[in-house]
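Structure record follows, encoded as structure tokens.
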Amino acid sequence: MVFFLKNLQMKSTVSVCFTLALSLMISTNYAQNSDFLIDLLEQNVERLGEPAIDSRKHRVQIIYTQIERDKENQPHFSHHRFNAWEGRYFYPASVVKMPTALIALELINKVGIEGLNEHTTFLTGAGSEPQTAVKYDLSAPGKLPTVEHYIKKIFLVSDNDGFNRLYEMLGQKWLNELLWQKGLEDTRIIHRLSAPEFDHQANRRVNPVYFISNGQLLYYRSESNNWIEPILHNMNLRNLRQGSGYIWGGELIEEPFDFSTRNYSSLEDLHQCLKTLLFPESQEVFKRFYLKPEQYELIYKAMSMYPRESIYPAYDSTIYHDSFVKYLKYGGKQERIPENIRIFNKVGRAYGYLTDVAYIVDFENGVEFLLSATVYTNENDIFNDNQYEYDEIGLPFLAELGKLIYEYELERDRSITPDLNSFKFDYSKDNQ
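In terms of the numbering used here, the sequence shown is residues 3 to 434.
Below is the structure:
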């Protein structure tokens, strides 16, 4: 079928296990699964590991988009999906930071106050408990927080506090309704991240916020109970109660963990969000993000910059290495990514779920493709015990999946070599 898939010498037991797992998994939705991706998993079991043997157990979802350019360099897309359909709940973790960052920029533009932009000093107050205030950011130029600086931290190292401050700026209602208006209707973002002190009710309330320029208050919003209707939270999702137990307050609770008040975004929505961001002309106008050219550049650079290239904020490259938040193709391993490769992406990692939504570019070889995937690794079926097989199973799977697609793209015939210069940036300018 596809020439790069190799005929492996696998033990018969492995083949039988894969065949049984695959037949169970595709029995109800075969028409939605791509033959290309089915063959990719089946014929590369040794490279991909357990998630390819039992994709049902590991809740594997994949979306791969090929891109063909015409004579005017306009992109045309063809999509391949595996198990990525509505209602299959997985916890997206930090990937929800991507649409949140985009809506934060859009809302600034829609407010339309002169002098108010992503560079304006953005202070957060504290209203009711357990909210906290932010008056300074020692990692920022001038030691003052801004939306721009939070966005950089969100994409460079997946900073949780940066996301939480943008969530507090927006509130549930504005954030979700603006996403739904763009067709991202299988998404809900209803809580802060890594903030267990906030229960469901506390996450409905968002802090007072201030935007200040040259000592003048440009915009103020008081503490707000800005939330979406509870009936919208579950969105016909299945499998919201997962596992056999979870740790809470240091004790094991022997009942399924309830995700009904947790964030969610389908892989389809996340993939579409990235595609719309990178190729806005491919979408109807009302589905595009309302961003200015310099804001698009801010996002593109933040997504694709490596921590070592950033001065504000500055990061220790021995800890925050090139692939720290690059799971597809590199598996988060501590290695330097070649200069001809750039990855525009957002990853998520929590509750045993690993997710990466990425646009991978090779400028030297004229390669570009979109690839999104999620995999679940929680062998003991217990949540919150930090006993997940990320390094042993999840990250190697995502790395090899990215490599396999990249290898195919390197050899795939293209009638026209893409001009990818619009995605080349001088990252040193971001620090001047």
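Positions of the beta carbon are idealized from the N, C-alpha and C atoms, including for glycine.
- Taking one beta carbon from each stretch, the segment 78 to 96 and the segment 292 to 301 have fewer than 3 pairs nearer than 8 Å; the two do not touch.
- In the DSSP annotation of this structure, the continuous segment of the beta strand (DSSP E) that includes Val369 starts and ends at Val369 to Tyr378.
- Proximity of the segment 75 to 84 to the segment 239 to 255 falls short of the contact definition, fewer than three beta-carbon pairs being nearer than 8 Å.
- Beta-bridge partners of Gly350 (DSSP): Thr357.
- According to the DSSP assignment, Thr278 belongs to the alpha helix (DSSP H) that extends over Leu269 to Leu280.
- Of the residues Leu42, Lys112, Gly245 and Leu280, the one whose Cα lies closest to the Cα of Trp176 is Lys112.
- In the structure shown, Ser96 falls within a helical segment according to DSSP collapsed to helix, strand and coil.
- Using a Cβ distance threshold of 7 Å, Glu52 and Ile418 do not count as a contacting pair.
- Rounded to whole angstroms, the separation of the alpha carbons of Thr67 and Lys145 is 41 Å.
- Between Ile156 and Ala86, the gap from beta carbon to beta carbon reaches 7 Å or more.
- When DSSP reads this structure, Gly127 sits in no beta bridge, so it has no partner.
- Along the length of the segment 141 to 178, whole alpha helix (DSSP H) runs at least 4 residues long occupy 149 to 159, reported in chain order.
- The shortest C-alpha to C-alpha distance from Asn386 to any of Lys59, Glu257 and Leu272 is the one to Glu257.
- Gly247 carries a strand assignment under DSSP once its states are collapsed to helix, strand and coil.
- Cβ-Cβ distances below 8 Å link Ile384 to Gly245, Ser246, Gly247, Tyr248, Ile249 and Leu254 in the same chain, with the five nearest sequence neighbours on each side left out; the list follows chain order.
- Under DSSP, His82 takes part in a beta bridge, and its partners are Tyr66.
- DSSP places Ser306 inside the alpha helix (DSSP H), whose first and last residues are Pro295 to Ser306.
- Under DSSP, Asn227 takes part in a beta bridge, and its partners are Arg207.
- Taking C-beta atoms under 8 Å as the contact rule, Glu108 and Tyr292 qualify, at a distance of about 5 Å.
- Contact check for Glu170 and Val208: beta-carbon distance about 4 Å, within the 8 Å limit, so the pair qualifies.
- Of the candidates Ser312, Leu279 and Glu337, Leu279 places its Cα closest to the Cα of Val359.
- Cβ atoms of Lys331 and Ile362 come within 8 Å of each other, at about 6 Å.
- Membership of Leu254 in the beta strand (DSSP E) is indicated by the continuous run Glu253 to Ile255.
- Looking at the DSSP output, Gln34 bridges to nothing.
- Going by beta carbons, Phe124 and Pro147 fall inside the 7 Å limit.
- Secondary structure at Phe213: strand, using DSSP grouped into helix, strand and coil.
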